[in-house]
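Let me begin by presenting the structure, written as structure tokens, before commenting on it.
Chains as they are written, first to last, in this note's numbering: chain H, 0 to 371; chain Z, 98 to 698.
See the structure below:
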């Protein structure tokens, strides 16, 4: 018997780090990149030998900035996947930064069929403030080239940036939409230990307030809807059901293997996290060697995760499914929570979901379901 | 007087809050070697964490020391005093246990208002006052001006006042020498019938309630039967001792000495501060002067934030009650807050201290309602009920009249603030009684004011209108009829009983409007729009709206880091634990105290 699993490859290298980013990444260095790729290959072999029934059906190369990798390194990694894994690729995505998009066309030869381009905004001042090194022109150029090569192109756009307003959001969407069939429109969530987080706390940068950010989201959603993009997750919109299959695995609690420093895996109901430290990772502390931090979920944890993740989806979840999976009577067990959330939660047609205009209150709803 | 008594000095220290009282006490204790350096922690007299943090003294902790002067060994008893109006009575009793007081004045600040109340209390108790000028090590110190101010404002001779730095340990010996030279030794007849003044009592798990006492006449030792003169209750003494600084048993205590008596007393309420202890047989006929039964003045509901911890709260209050006879506790219940307790306190500081101790020492999360006073409500059927909880006020149709407790307020202020102070008193429904010039720079103003007005924000307003110079003291002064109404707060259309307050009819509109505004800011935005209304007898007089929340979402979980997302939600939920669910509305616990934080404009 085989199990389909997603494969995430984390590339923790960037040529510069964005002011808002708290993902794990370090400056690019040729020697380090080679040693890292080698360790990743080793990790992948070991993980797959531990779960031999795995069939890889989605690949997502993310970062960091995967597009800063030399093409030979990427070829080596992808070649290794094909060598040691059973693959039946439905989707193969790579993240592209507009300022390192020279190899855009090459990725097709590796089997890539979807690219995700980090546009963030097309307002040049805001791009500078948030520490992105590309211009709006470079982003549009990358999008246009990508659209000529790949069947699936996605753009990442951010909301709630310093100085941003509803017009900026509409303007960026209108320029981006001709080239993409998928858009991630997500809210900036700053952590305190980023340069921008410190600037905001110190008062030198002001962010739009929650109402202004919500206005931007609503305006963006409305434009996308008018142009045929349907929302399928809080921050994700696509034309003609061109969902991100790999990301859907996260929200649907399907298995995925994450390879690389700080990568996360979810295999047979257990979550694993590799260390967020390159030295430690290169020293062999990873899932391949059984040295990832593992989190075994209790039934209550799993149930909460299910609710929290599924509420992000436009269609929520089926009551029959949750009852069957966890052996519960959802409506009886959460009677109080459901009643207390009646303004934002919709229970109808055997499904539970966020009301259409209350998607941005997903955390508000999810917290109510947290076990004590 | 016996020879023994000549070598005893009983004194306290009077000072403004940060003029260095505790630091000087520390230095004196160090110099006399009462505590080894290893045991010495800063501000040793302030036992509780709260006291050390706030730099205030709540509980009186005496300490005994020895000091050699001109070849003779002297015994010093230092009795610390609390410095807040809530505890004026306790202060007056500890002053009554002394013959002298050190008046510590900060050479950079000069005399401040708060000092004066206690100085006058000390003068009332015929204490010898020894001025000490502190902080002379600071560049901005002006010792000569301070000396002059002491002479002008209080009328004390300060020409010989020691110039010290308690922090640097400078000239402390000068202070010690003057204590011997200037403070008289205790008088009193060791052979007369026993009279011991209780100036504090504490509960010890092994010894029961312990009386901290000053022996005025006679002597006492273990095995004797004693009697509390206010109640006539009798006990057998199991131990007498001194504070060195921890309790140390001795054979006997006699006239002039300070120490403690343990007598297997189960309830701290039997050891009332100010009471006189004598022998059960052949005891004194007349008690010492000044005994007052301490009455709670301020009442508030205390509830566990988590209703399932009601029993823990009850046990914690029981334990605090053992140590604090002034705390009164009665179970009650609220529609909004569930099961809890109506507690009576001496004043607002006392209330804050109890809350803080419950939270720190017993790890309880509390919801406390706005403080109230005790009203006498005369009903149309001739019945009188005492109402300590505003939500329990009978319907207006059933009320003939309401009487509220009054206090006589004594306000001491420099003359330039007399106008501002009197204006404040008028606003607070005060009735003018008297105005006396004590000195050219000091005026005493007397007003009759409803206690309810004092407990909300009077003290802060007084300080701000007098730039901190005015000081307040008050004593209960019966009841008076008032045109009072119950102000209700409706959240999402439902009355929240825990937010009801009783106010004067003329102030009801303004208070209602400000409460609604304040609550609008305190209550976080929720899934629905929440109307916040203030109403009197069903008639809405003010309305504000808490807008519905629009955004509460975490960023995408790309890379599949689900664990972090869950942790973030858990952290957020933890932050919301101090919220109370009232009907469909989540209300933060500080909302119930919002009446105390209404801006004056």
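Glycine included, every Cβ here is placed at the ideal spot set by N, Cα and C.
- Within a 10 Å sphere around the beta-carbon of residue 259 (chain Z) sit 16 or more other beta-carbons, which makes this residue buried.
- Counting only Cβ-Cβ distances below 8 Å, residue 303 (chain H) has contacts in chain Z at 663, in chain order.
- Ranked by Cα distance from residue 156 (chain H), the first of H:54, H:64, H:235, H:316 is H:235.
- A straight line joining the alpha-carbon of residue 344 (chain H) with that of residue 1 (chain H) spans about 37 Å.
- Counting only the Cα atoms, residue 423 (chain Z) lies some 32 Å from residue 493 (chain Z).
- Contact annotation: the stretch 59-72 of chain H does not touch the stretch 275-290 of chain H, with fewer than three C-beta pairs closer than 8 Å.
- Note that the C-beta distance between residue 527 (chain Z) and residue 553 (chain Z) is not below 8 Å.
- When beta bridges are read from the DSSP output, residue 428 (chain Z) appears opposite Z:438.
- Beta-bridge analysis with DSSP links residue 26 (chain H) to H:13.
- The Cβ neighbour count for residue 158 (chain Z), taken over all protein chains shown within 10 Å, is at least 16; the residue is labelled buried.
- By the beta-carbon neighbour count (other beta carbons within 10 angstroms, threshold 16), residue 678 (chain Z) is exposed.
- Shown here is that no member of the stretch 67-81 of chain H has a Cβ falling below 9 Å from a Cβ of chain Z.
- In this structure, DSSP gives residue 368 (chain H) a state outside helix and strand, which the three-state scheme calls coil.
- Counting along the chain, residue 464 (chain Z) sits inside the beta strand (DSSP E) bounded by residues 463-465.
- Shortest Cα-Cα distance from residue 96 (chain H) to any of H:51, H:81, H:16, H:165 involves H:16.
- At a cut-off of 8 Å between C-beta atoms, residue 325 (chain H) does not count as an interface residue with respect to chain Z.
- The way I'd put it, the stretch 511-524 of chain Z does touch the stretch 556-564 of chain Z; three or more beta-carbon pairs between them come closer than 8 Å.
- If you ignore the 5 residues before and after residue 117 (chain H), its C-beta comes within less than 6 Å of the C-beta of 96, 155, all in its own chain and listed in chain order.
- Interface annotation for the stretch 640-651 of chain Z against chain H: 644, 645, 646, 647, 648, 649, 650, 651, criterion Cβ-Cβ distance under 9 Å.
- Just so you know, the alpha carbons of residue 334 (chain Z) and residue 371 (chain Z) end up roughly 19 Å apart.
- Residue 573 (chain Z) is classed as exposed because its beta carbon has fewer than 16 other beta carbons within 10 Å across all chains shown.
- Under DSSP, residue 290 (chain Z) forms no beta bridge with any residue.
- By the criterion of a C-beta distance shorter than 6 Å, residue 6 (chain H) is surrounded in its chain by 55, 58, 256, once the five residues flanking it on both sides are discounted.
- Judged by their CB atoms, residue 109 (chain H) and residue 77 (chain H) are nearer to each other than the 8 Å cut-off.
- Close partners of residue 681 (chain Z) in chain H (Cβ separation under 8 Å): 339.
- Boundaries for residue 252 (chain Z): no beta strand (DSSP E) harbours it, and the DSSP string shows neither H nor E there.
- With 16 or more other Cβ atoms inside 10 Å of its own Cβ, residue 487 (chain Z) counts as buried.
- DSSP, read as helix, strand or coil, puts residue 433 (chain Z) in coil.
- For residue 123 (chain H), the CB contacts under 7 Å within the same chain, skipping 5 residues up- and downstream, are 134, 135 in chain order.
- As the crow flies, the alpha-carbon of residue 551 (chain Z) is around 10 Å from that of residue 395 (chain Z).
- Of the candidates Z:440, Z:163, Z:660, Z:440 places its Cα closest to the Cα of residue 392 (chain Z).
- Within 7 Å of the CB of residue 657 (chain Z), the CB atoms of chain H belong to 7, 249, 255, 257, 263, 265, in sequence order along the chain.
- Note that the C-beta distance between residue 254 (chain Z) and residue 291 (chain Z) is not below 8 Å.
- Residue contact with chain Z for residue 314 (chain H): absent (no Cβ-Cβ distance below 8 Å to any residue of chain Z).
- Here the alpha carbon of residue 267 (chain Z) sits roughly 29 Å from the alpha carbon of residue 354 (chain Z).
- One Cα belongs to residue 358 (chain Z), the other to residue 203 (chain Z), and the distance between them is close to 37 Å.
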